[in-house]
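Chemist: With the numbering used here, you'll find the sequence shown wraps up at 1507, consecutive numbering, no jumps.
Don't be surprised by glycine CBs; every beta carbon is placed ideally from N, CA and C.
Shown below is the structure under consideration.
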Amino acid sequence: WYGTADYGCWIVNDAKKRFALAGQVPFGDNNMSSKKYASPFPLHDHGAKEGIRHYMCWYVNEKGIGEYHLLIGGVIMKIAEGVKKLGFNY
């Protein structure tokens, strides 16, 4: 579980590289969009509604790019897919 004073989420890392330290995470135009970027932990609040907050997961893919997903019963899902499964609106 990763948490800040304002938000928290699960972290699942499928990256082949080990985690980088915060100072080593590159933030160039080629690897960072507003919600998907190279970081082993989220740098922005997911803004999820209360009903799904505890399902929020920062998923880091095999290339080291992270973005928010939902973690439901051990299964990682895109937010829209997971919200539909849970019967919530995001």
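Ignore the nearest five residues each way along the sequence and tell me which others in residue 1481's own chain have a CB closer than 7 Å to its CB.
Modeler: So the qualifying residues of the chain are 1432, 1434, 1455.
Chemist: When the Cα of residue 1469 is compared with those of 1422, 1430, 1495, which residue comes out closest?
Modeler: Among 1422, 1430, 1495, the Cα nearest to that of residue 1469 is on 1495.
Chemist: Where residue 1461 and residue 1488 are concerned, what is the direct C-alpha to C-alpha distance, given to the nearest angstrom?
Modeler: Cα to Cα, residue 1461 sits roughly 18 Å from residue 1488.
Chemist: With DSSP as the reference, label residue 1424 as helix, strand or coil.
Modeler: Reduced to three states, the DSSP call for residue 1424 is coil.
Chemist: Please find out if some non-hydrogen atom of the ligand SAH comes closer than 7 Å to the beta-carbon of residue 1463.
Modeler: This structure lacks the ligand SAH; in fact it carries no ligand of any kind.
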